[in-house]
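One structure below.
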Amino acid sequence: MKTALVLFLVISLAQCKVPLSLVKFQAIKFVTASNISEECAADLSLLISDLFGLKMWALKMFDATGKINAGMSNGNLHFFGDFDLCLSIKENTKTRTIEGKYCTALMRVNDEILDQAKRLLNLQYVLNFPSVFRIFSMYTNLKKLLDKAETKKLSCVSGIKVISSLWIILVHTVLIASLIAKNLVYAFAEWRYTPIGMVMWSGPYGVDTFFALSGLLVTYTYLKNCQNSSIGLLEFYSKRLLRLMPTMTGLITIQSSLLKLFLDGPNGQILLKISVDNCRDNWPSMLFFTFNFMKDAKCASNHIWYLSSDTQMYFLAPIFLFFITKHPRKVIAGMTVTFLFAVGYSVAVTFIKKLGFTIFDWNCDFEHYLSLSTIHRVPSWLTGVFCGYLLQFKNVKIPRNLNNCLLFVSLLSMILLILNQVSLLDEEYNVYRAALWNGLARPMWSLALCYIIFSCATGHGGIINSFLSHYVFRVLSELTFSIYLLHAVFLAGILGNTRQSVFFNNRQILLNLVEVYMYCLPASLLAYLAFEAPFLSLKDYTSRRRKVMAEKSS
C-alpha cells in the first residue's frame, strides 16, 4: 500500500501546475525517504526520471494509470485507467525487466475533509506500477504455458515425455482394471499377447525413459547455464526443491485428508488402507525423498518412489557435473565405472535372490532390490547424462546414411525389447537369463532412446523430430509432472467407486484411460498454475537477481 501511495503522490504532483524540475526533485526525494523495498524504490525513481525525460515506456505507464475524473459529485469515483495498455508495458533495463501490472486500491476519504460523507464516499483508484508478483498470476502463467510457438533445440523431449506419461498411466490403468475384472483369467492368459497387452507389460521402460530424460536435461541445462555464469550447490539444489515440494505437499494433503471423501464403493476401504494410510504414515520419507528406502512400504508403494529415486541421483549429480567441463576424460571414466557397477549390482542381486524379470514375476523382493532401487536405475540416468554432455557441442554433423542406420537400429532395438518382454512370459525361469535381462535391458533401452534425442536435437531427426516437437506436445509436456502425481488419485477414485466387476477387454481399458486422462488434464493444469509455475518463475527470478548482484559486485 505504501508503494501505491508513493506512486499516487508522484502522479498527483505531475498533474498540478508545479515546475517540472521541482516536481521531479520532490518526487524522487519522497520515494527515497519512503519505507519501501530497495528494488521498488529504484524502479519508481527510474520511472520518474524517464517520465520527465519523455521516455515512451514511462509516458505509457503514466497514461495507463487511473486519474481523477470529472463528475465526482455525481458519484464518478472509479478511476480505472487503461487495462490493456498497462499490461502491454515492458521495459528492459540494465539490471532487470520492468513490466506493468494492473492493480487497484481503495482509498477512504479523510474524516476531516468530508466528515459528513465519510461513510458514503469510497474512492477506487487504479494504480499502474512495476511488480515482481506477476509470477503468482494464473492469467500470466497460463499465457506463458500456451505460448509455446518457439521450437527449441530439445523440443523433441516434449513428445517423449507426453507419450511416456501416457504409457505409465496405461500400465496403472490395466493393473487397476484387473483388480475389478470378471474375467481375470483372460486378462493374464490371453490378453497379454494382444498389441495393447504387449505395450502394457513393457511399461517399465516408460519409467526408464524418464530417468534417461532426467539425466539428459539436468546435464544439458547445467552446462548451458554455466556458459554465462557459475552455479553453486545452493542454487542447484534449490531449483529442484522449488520444482517438486509445492506440488508434492499438495498431493500428500489431498491423498491423506481428502481422498477418503470420494471413496465410497466396496473397494474404498482397501484403497484407503493402501493409499491413504501409507501416505499418512510415510509422508516424511516422501517429502525428504527417501520413500524408496522404506522396506515396510515396499509392497504398498505408490508412484512417489520415482521422485525419491530421481531426486537422489539429482543430488549426486554435482559429483559429475561440476568437473565434467574441466576434466571430461576423468569424469567420463568415473561415469563408466559407476555404470558398470550398477549393471553388475542388478545382475548379482538377481542371481543371488533368484528374482524374475517380468511383471508376472514381481514380488516384494523384486520391488525392493530392483524396481525401487536407485542403483538399478543409475545406468539409464547416466546414459542421459552422457547424451546431455554430447549435446553441448555445436554444429554436430552426422552422415545421412549413418544417421538413418542408427535411427533404424535404435527403433528396432526398442521394438525388440518390447516384443521380447512378452515372448519370455511363458518361458521356463532361468536365473542366468533373468540376471542378464535385468542388467542390460534398461540400459539398452535408454541408449536407443538417447540416440533418437541426439539425432533430433542436432537437426537430423526429420519427421520423427517434427512429430515429437508438435505444439500440442510442447504444451502438454509442461503438465506431465502434475499429471504423473495426480493420475493415481483418479485411478483410486475409479476403483474405489466401482460397484460391481466389469469385463476386462481393450475397450474397457481405453475407456478407463481416456477417463483418467480427461480428469487429469484440468486438475493438473490447476496444480501447475497454482503450485508449479509460480515457483518455477520464482526460481528463474532469483537466478537473474543473483547474476545482477554478482555483476554489480565484480
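Those letters in the sequence shown? Residues -16 to -1, 1 to 538, by mature numbering (1 follows the signal peptide of the UniProt record, and there is no 0).
Positions of the beta carbon are idealized from the N, C-alpha and C atoms, including for glycine.
### Query
So what does Lys74 bridge to, in DSSP terms?
Translated into positions along the sequence shown, residue 74 becomes position 90. Glu83.
### Task
Sort Thr124, Phe451, Pro312, Ala476 by Cα distance to Ile437 and report the nearest one.
Along the sequence shown, read from residue 1 onward, the residue named residue 437 stands at position 453. The closest CA to that of Ile437, considering only Thr124, Phe451, Pro312, Ala476, is found on Phe451.
### Query
To the nearest angstrom, how far is it from the Cα of Pro427 to the Cα of Lys523?
The residue you call residue 427 lines up with position 443 of the sequence shown. The residue you call residue 523 lines up with position 539 of the sequence shown. Here the C-alpha atom of Pro427 lies approximately 33 Å from the C-alpha atom of Lys523.
### Close beta carbons around Phe67, own chain, < 6 Å, minus the five adjacent residues each side
Taking the first residue of the sequence shown as 1, we reach residue 67 at position 83. If the five residues before and after Phe67 are omitted, its C-beta is found closer than 6 Å to the C-beta atoms of Tyr86, all from its own chain and listed in chain order.
### Query
So the alpha helix (DSSP H) Leu460 belongs to, where does it begin and stop?
Within the sequence shown, the letter at position 476 stands for residue 460. Counting along the chain, the alpha helix (DSSP H) containing Leu460 begins and ends at 455 to 460.
### Query
How big is the Cα-Cα spacing for residue 550 and Met182?
Any answer about residue 550 is impossible in this case: the structure gives the chain only from -16 up to 538.
### Task
Whole angstroms is fine: what's the gap from Cys283's alpha carbon to Cys348's?
Position 299 of the sequence shown, counted from the start, is the residue given in the question as residue 283. Position 364 of the sequence shown, counted from the start, is the residue given in the question as residue 348. Summary for Cys283: the model assigns pLDDT 42, below 50, so the residue's position carries little reliability, and this model does not support an answer.
### Helix, strand or coil at Val369 [DSSP, three-state]
In the sequence shown, counting from the first residue as 1, residue 369 sits at position 385. Reduced to three states, the DSSP call for Val369 is helix.
### Buried or exposed by the 16-neighbour rule on C-beta atoms within 10 Å, applied to Leu38
The residue labelled residue 38 in the question sits at position 54 within the sequence shown. Counting the other Cβ atoms within 10 Å of the Cβ of Leu38 gives fewer than 16, which makes it exposed.
### Query
Does the region 430 to 449 come within contact of the region 191 to 204, defined as at least 3 CB pairs closer than 8 Å?
Segments in contact, yes.
### Query
Do you know how far the Cα of Ser293 is from the Cα of Thr274?
Here residue 274 refers to the residue found at position 290 when the sequence shown is read from its first residue. Here residue 293 refers to the residue found at position 309 when the sequence shown is read from its first residue. Taking the straight line joining both Cα atoms gives about 8 Å.
### Message
Quick test of the definition: if touching needs 3 or more C-beta pairs under 8 Å, does the region 467 to 485 touch the region 160 to 173?
### Response
Touching, yes.
### Task
Kindly list the residues whose CB is nearer than 7 Å to the CB of Phe474, restricted to its own chain and excluding five residues on each side of it in sequence; keep chain order.
Here the question's residue 474 lines up with position 490 in the sequence shown. Apart from the 5 residues on each side of it in sequence, Phe474 sits with its Cβ closer than 7 Å to the Cβ of Val500, Tyr503, Cys504 in its chain, given in chain order.
### Extent of the continuous alpha helix (DSSP H) to which Phe474 belongs
Locating residue 474 in the sequence shown gives position 490, where the first residue counts as 1. It spans 464 to 481 - the alpha helix (DSSP H) in which Phe474 sits, taken as one unbroken run.
### Query
Is DSSP giving Ala196 helix, strand or coil here?
Locating residue 196 in the sequence shown gives position 212, where the first residue counts as 1. Looking at Ala196 - three-state DSSP - the assignment turns out to be helix.
### Query
Helix, strand or coil: which one does DSSP assign to Ala165?
Taking the first residue of the sequence shown as 1, we reach residue 165 at position 181. In this structure, Ala165 counts as strand in the three-state DSSP scheme.
### Query
Leu69 and Lys44 look like a contact to me (Cβ under 8 Å); what is the Cβ gap, rounded to whole Å?
Counting from one through the sequence shown, the residue named residue 69 turns up at place 85. Counting from one through the sequence shown, the residue named residue 44 turns up at place 60. Yes, Leu69 and Lys44 are in contact; Cβ-Cβ is about 6 Å, under 8 Å.
### Query
Expressed to the nearest angstrom, what Euclidean distance is found between the alpha-carbon atoms of Gly216 and Gly372?
Taking the first residue of the sequence shown as position 1, residue 216 is located at position 232. Taking the first residue of the sequence shown as position 1, residue 372 is located at position 388. Their Cα atoms are separated by approximately 19 Å.
### Task
Label Leu311 either buried or exposed according to how many other C-beta atoms from any shown protein chain fall within 10 Å of its C-beta, with 16 as the threshold for buried.
The residue labelled residue 311 in the question sits at position 327 within the sequence shown. Residue 311 is actually His in this sequence, not Leu. Counting Cβ neighbours within 10 Å, His311 comes out exposed, since fewer than 16 surround it.
### Task
Below 8 Å on the Cβ atoms is my guess for Ala425 versus Leu401; work out the distance and round it to an integer in Å.
Numbered from 1 along the sequence shown, position 441 holds the residue referred to as residue 425. Numbered from 1 along the sequence shown, position 417 holds the residue referred to as residue 401. Leu401 and Ala425 do touch by the CB rule: their CB atoms are close to 6 Å apart, below 8 Å.
### Task
Would you grab the beta carbon distance between Val331 and Asn422 for me? Rounded to a whole angstrom, and I think it's under 8 Å.
Reading the sequence shown from its first residue, position 347 is the one you call residue 331. Reading the sequence shown from its first residue, position 438 is the one you call residue 422. Yes, Val331 and Asn422 are in contact; Cβ-Cβ is about 7 Å, under 8 Å.
### Query
In terms of alpha-carbon separation, which member of Gly187, Lys378, Asp131 lies closest to Leu154?
Position 170 of the sequence shown holds residue 154. The candidate whose alpha carbon is nearest that of Leu154 is Gly187.
### Task
Taking Gln296 as the reference, give the member of Phe246, Leu520, Leu225 with the closest Cα.
Locating residue 296 in the sequence shown gives position 312, counting from the first residue. Answer by Cα proximity: Leu225.
### Message
If you measure between the beta carbons of Ala196 and Trp365, is that distance less than 8 Å?
### Response
Within the sequence shown, the letter at position 212 stands for residue 196. Within the sequence shown, the letter at position 381 stands for residue 365. The Cβ atoms of Ala196 and Trp365 sit closer than 8 Å to each other.
### Task
Find the nearest neighbour of Val202 within the set Gly368, Ser394, Pro363, judged by alpha-carbon distance.
Start at 1 with the first residue of the sequence shown, and residue 202 comes out as number 218. Closest by C-alpha distance to Val202, out of Gly368, Ser394, Pro363, is Gly368.
#### Entry: CB of Ile359 within 8 Å of CB of Ala326, strictly
Taking the sequence shown and counting its residues from 1, one reaches residue 359 at position 375. Taking the sequence shown and counting its residues from 1, one reaches residue 326 at position 342. Going by beta carbons, Ile359 and Ala326 fall inside the 8 Å limit.
#### Entry: Cβ pair Val333, Leu354 closer than 8 Å
In the sequence shown, residue 333 corresponds to position 349, counting from 1. In the sequence shown, residue 354 corresponds to position 370, counting from 1. Val333 is a Cβ neighbour of Leu354, given a cutoff of 8 Å.
### Message
For Phe304, report the span of its alpha helix (DSSP H) as first-last.
### Response
Counting from 1 along the sequence shown, the entry for residue 304 is found at position 320. 302 to 305 is the span of the alpha helix (DSSP H), which, as asked, contains Phe304.
### Query
According to the Cβ coordinates, are Ser508 and Ser466 closer than 8 Å?
As a working mapping, residue 508 is identified with position 524 in the sequence shown. As a working mapping, residue 466 is identified with position 482 in the sequence shown. Against a cut-off of 8 Å, the Cβ pair of Ser466 and Ser508 comes out as a contact.
#### Entry: Three-state secondary structure assigned by DSSP to Phe63
Numbered from 1 along the sequence shown, position 79 holds the residue referred to as residue 63. DSSP places Phe63 within a strand segment (E or B) once states are collapsed to three.
### Message
Assuming the contact rule is C-beta atoms closer than 8 Å, Pro302 and Phe377 should be a hit. Round their C-beta distance to whole Å, please.
### Response
Numbered from 1 along the sequence shown, position 318 holds the residue referred to as residue 302. Numbered from 1 along the sequence shown, position 393 holds the residue referred to as residue 377. Pro302 to Phe377, Cβ: 22 Å. No contact.
### Message
Do Phe488 and Trp151 have their beta-carbon atoms positioned less than 8 Å apart in this structure?
### Response
Walking along the sequence shown from the start, residue 151 turns up at place 167. Walking along the sequence shown from the start, residue 488 turns up at place 504. The answer is no: Cβ separation not under 8 Å.
### Query
Cβ atoms of Asn490 and Ile238: under 8 Å apart, would you say?
One-based indexing of the sequence shown puts residue 238 at position 254. One-based indexing of the sequence shown puts residue 490 at position 506. Cβ atoms of Ile238 and Asn490: not closer than 8 Å.
### Message
Leu228 and Leu129 - do their beta-carbons sit closer together than 8 Å?
### Response
For the purposes of this step, residue 129 is taken as the residue at position 145 of the sequence shown. For the purposes of this step, residue 228 is taken as the residue at position 244 of the sequence shown. One thing to note: Leu129 has its Cβ no nearer than 8 Å to the Cβ of Leu228.
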